[in-house]
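Take a look at the structure below.
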Amino acid sequence: MQSDYLKRTIIREELSSKYLGETRLLQIYLPPGYSDENRYPVLYLQDGTDYLTLGRIATQTNQLIAEGRIHPPIIVMIPVDKARRNEEYAPGGDRFEAYGRFVADELLPRVESRFAARQEPGGRVIGGSSLGATVSLHMALDFPDRFRRVLSQSGAFFKATLDRIRQAPTLADLEVYQMIGLEEYAVPTHVGNLDLLARNREVSRALREKGASLRYVEKEGKHTWGLWQKDLPEALTHFFGKTADSAS
Numbered sequence: 000m001q002s003d004y005l006k007r008t009i010i011r012e013e014l015s016s017k018y019l020g021e022t023r024l025l026q027i028y029l030p031p032g033y034s035d036e037n038r039y040p041v042l043y044l045q046d047g048t049d050y051l052t053l054g055r056i057a058t059q060t061n062q063l064i065a066e067g068r069i070h071p072p073i074i075v076m077i078p079v080d081k082a083r084r085n086e087e088y089a090p091g092g093d094r095f096e097a098y099g100r101f102v103a104d105e106l107l108p109r110v111e112s113r114f115a116a117r118q119e120p121g122g123r124v125i126g127g128s129s130l131g132a133t134v135s136l137h138m139a140l141d142f143p144d145r146f147r148r149v150l151s152q153s154g155a156f157f158k159a160t161l162d163r164i165r166q167a168p169t170l171a172d173l174e175v176y177q178m179i180g181l182e183e184y185a186v187p188t189h190v191g192n193l194d195l196l197a198r199n200r201e202v203s204r205a206l207r208e209k210g211a212s213l214r215y216v217e218k219e220g221k222h223t224w225g226l227w228q229k230d231l232p233e234a235l236t237h238f239f240g241k242t243a244d245s246a247s
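Have a look at this one:
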């Protein structure tokens, strides 16, 4: 039924992390008609609460499913303590390495043991916006046996990210959807204003040079949830669309 997109199933669970030394909340979206007998691709998102409330990702995903445009995914939304966001998401942050380990070694096994999730790298997508995109790309670079598909919205990329890409012998197994706004040329960050448009163009070139499969998109818009919310249908269709080879 077309009205199914109005019904949201969000499971809330807690996960104790030895790497972070605390218990973290998970918010897990299950698609309409979810069944343990199936196997679903999974999208892991940073800034999970914002994607749920500001990005309207559950409602948008339901609508795309109802319209027959995408295969149903599970979406794992990982909330973040905004006071510690830079520590966990920014390269060089005090909790950056520990957060990566939490996602790769604790969160991933938990989700795949509890839900009907696909358990190979091609069935997983990791992503986020701004610094959430940054940490997601680094996780794919650091844990290629677990993550090879990245959704990047307005990535707040630093020199460390470019250096990390250039250190890789090849990124032929990496797939990235990378979107940046044309008005993101003076974005306030914790290290001052950054030209994220120019930096994303640099990152896109570096990814291509290393052989990554890249869909790079520039759109009208600023570094805001208004842009990211509007972009989500295209990003979700890229990874989970009915014509996507990985979802067939």
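Note that this note's numbering gives residue 208 to position 209 of the sequence shown, counting from 1, and the numbers run on in steps of one. Virtual Cβ for every residue (Gly too), placed ideally from N, Cα, C. Note that the coordinates shown come from a computational prediction; the quantities given were computed from them, not determined experimentally.
query                                                                                                                                                      : result
State the CB to CB distance for the pair Leu44 and Val79, rounded to an integer number of angstroms; the pair is presumed to be in contact (CB under 8 Å). : With 8 Å as the limit, Leu44 and Val79 do not qualify as a contact, their Cβ atoms being about 10 Å apart.
Going along the chain, which residues of its own chain have a beta-carbon closer than 7 Å to the beta-carbon of Glu182, five neighbours each way excluded? : Gly220 and Lys221
Would Arg84 pass as a contact of Pro120 if the rule is Cβ separation under 8 Å?                                                                            : no
For Gly91, is the classification buried or exposed, using 16 other Cβ atoms within 10 angstroms of its Cβ as the cut-off for buried?                       : exposed
Return yes when the Cβ of Ala132 is within less than 8 Å of the Cβ of Ser112, no when it is not.                                                           : no
Is the Cβ-Cβ distance between Leu31 and Ile64 less than 8 Å?                                                                                               : Correcting the residue identity first, residue 31 is Pro in this sequence and not Leu. Going by C-beta atoms, Pro31 is nearer than 8 Å to Ile64.
Find out if the Cβ-Cβ distance for the pair Tyr98, Val134 is shorter than 8 Å.                                                                             : yes
Between Ala116 and Ile73, how many whole angstroms is the CB-CB distance? I'm expecting something under 8 Å.                                               : 6 Å
DSSP three-state call for Ala246: helix, strand or coil?                                                                                                   : A caution first: Ala246 carries a pLDDT of 41, below 50, which makes its placement in the model too unreliable to give a value.
Answer yes or no: do Leu195 and Phe101 have a C-beta to C-beta separation smaller than 8 Å?                                                                : no
Measuring straight from C-alpha to C-alpha, what distance separates Asp244 and Phe238?                                                                     : With a pLDDT of only 48 at Asp244, under 50, the local geometry of the prediction cannot be trusted, and the value read off the model is given with reservation. Roughly 9 Å between the two C-alpha positions.
Since Leu29 contacts Glu12 with CB under 8 Å, what's their CB separation in whole angstroms?                                                               : Contact doesn't hold; Cβ gap of about 12 Å is too wide.
Determine the extent of the alpha helix (DSSP H) in which Ile64 is found, giving its start and end residues.                                               : Ile56 to Ala65
In terms of residue numbering, what span does the alpha helix (DSSP H) encompassing Ser203 cover?                                                          : Leu195 to Glu208
Measuring only the C-alpha atoms, how far is Lys229 from Phe157?                                                                                           : 25 Å
Mapping DSSP to helix, strand and coil, what is Lys229?                                                                                                    : helix
Nearest-angstrom Cα distance between Leu213 and Ala205?                                                                                                    : 11 Å
What whole-angstrom Cβ distance do Val190 and Val149 have, given they're in contact under 8 Å?                                                             : Going by Cβ atoms, the distance from Val190 to Val149 rounds to 22 Å, so no, they are not a contact pair.
Where do the ends of the alpha helix (DSSP H) carrying Ser112 lie?                                                                                         : Leu107 to Arg113
In the structure shown, what three-state DSSP assignment does Ile77 receive?                                                                               : coil
Provide the residue span of the alpha helix (DSSP H) that contains Tyr50, from first to last.                                                              : Gly47 to Thr52
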